[in-house]
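Enquirer: Would you mind keeping the following structure in view while I ask a few things?
Residue numbers (the numbering used here): 20 to 310.
Printed below as a string of C-alpha cells:
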C-alpha cells in the first residue's frame, strides 16, 4: 500500500510541476522556442563523481549544473527544454520526477490513506522533455534523435556542463539578423577545446582542433540553430563538432556571436570547485535570478 501511495505522489509531482504552467513566451519573438541540452556523455574527466551520475547532474551550490543552465535560460523567458539523455539517464529522469516533492513543504498522513498535504507551491515554469538518445551516441547523433521534438523550428542548443552570462536575447536577435543556419557563441579563453576561425563579417570559416599558434577563440555552446541543421548530421556516429560544423563553416552558414563576458565549462574537479567557490562568495555571474 505504501508503495502505491508513493507512486501517486510521484505522478502528482510530475503533473503539478510540468502541467499547470501552460504555454509561456520568451522576450525576443522566439515564442515557445525550445532549448536543447546535451546531457548524455560519460564525463570521464571528472570521474570522481561521474561514475555515480551524469556530469550535468553533478552539483554546484547544492543543485545540478543542469539546473543552473535551465534557470539561466528561464530567466530570459525560455522555459521549454529538450534534454538529450544517455549515460545513467535514469538519474536525470528520477531527479525531475521528484523535483516538486523535494522542493516543497509536505505533510504525509499515513493514518489517512497516505494523504499528502502541500504547504507551499514550489514549481518552475518549465516544460521538460527527457529523451533517451542512446548510451554511446555522439553529439551529432543525439541532436538528430530529437528532431521530432523541435517541430521543424529554430531552437537553442547548449552543453549540459557549461555556465555563462551570455545575453540570450542579443544572441537570438543576432541569429535572426543574419539569416544563416547556425549561430555559435564564441569566447576568447585559453583551454583545450576546438578552435574557430572568424572573418571580419563574423562568419566562421573553419572549425578545427586547437594548436599552439591559436588565439584561443573557442566554441562555448549557447547556439541557435535552424532546422536545416539536421540535414548536416548523418546519424549516431556523427560528432557535431566535426563534420557538421566544418561543413557549415565551409559553406558560410556558421556565424559567431562573440561573448566578452563570463563562461566556464565544468570539465574537471578543479572547475567544479571554482564554480562552487564563486557561488559561496556570491560572485556567480550566471545566477541572475538571485539579483
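Glycine included, C-beta positions come from ideal geometry on N, C-alpha and C. No experiment lies behind these values; they were computed from the predicted model shown.
Considering only their Cβ atoms, is the gap separating residue 268 from residue 199 smaller than 7 Å?
Expert: Taking 7 Å as the Cβ cut-off, residue 199 and residue 268 do not qualify as a contacting pair.
Enquirer: Return the CA-CA distance between residue 158 and residue 284, expressed in angstroms with no decimal places.
Expert: In a straight line, the C-alpha of residue 158 is about 16 Å away from that of residue 284.
Enquirer: Classify residue 211: buried if its beta carbon has 16 or more other beta carbons within 10 angstroms, exposed otherwise.
Expert: At residue 211 the pLDDT is 49, less than 50, meaning the model places this residue with poor confidence; the figure from the coordinates comes in the next sentence. Counting Cβ neighbours within 10 Å, residue 211 comes out exposed, since fewer than 16 surround it.
Enquirer: Using a Cβ-Cβ cut-off of 6 Å (strictly less than) and excluding sequence neighbours within five positions of residue 263, which residues of its own chain qualify?
Expert: Cβ neighbours of residue 263 beyond the five flanking positions: 159, 251 and 252.
Enquirer: Given this structure, state the Cα-to-Cα distance separating residue 43 from residue 91, to the nearest angstrom.
Expert: Model confidence at residue 43 stands at a pLDDT of 35, short of 50, so the residue's coordinates are unreliable and nothing is read from them.
Enquirer: At what residue ranges does the region 207-294 contain a whole run of the beta strand (DSSP E), taking only runs of 3 or more?
Expert: The region 207-294 contains these whole beta strand (DSSP E) runs: 214-217, 223-227, 236-238, 242-244, 273-277 and 282-284.
Enquirer: Which residues share a DSSP beta bridge with residue 183?
Expert: Residue 183 pairs with 282.
Enquirer: If contacts are defined as beta-carbon pairs under 8 Å, then residue 275 and residue 203 qualify, I think. What distance do you get, rounded to the angstrom?
Expert: About 6 Å; that satisfies the 8 Å criterion.
Enquirer: Should the region 49-60 be called in touch with the region 71-78, which here means at least 3 C-beta pairs below 8 Å?
Expert: A contact exists between the region 49-60 and the region 71-78.
Enquirer: Is the beta carbon of residue 141 sitting closer than 7 Å to the one on residue 125?
Expert: No, they are not a contact pair.
Enquirer: Can you find the residues in the same chain that come closer than 7 Å, C-beta to C-beta, to residue 154, ignoring five residues on each side of it along the sequence?
Expert: So the qualifying residues of the chain are 105 and 106.
Enquirer: Below 8 Å on the Cβ atoms is my guess for residue 101 versus residue 148; work out the distance and round it to an integer in Å.
Expert: Confirmed, about 5 Å.
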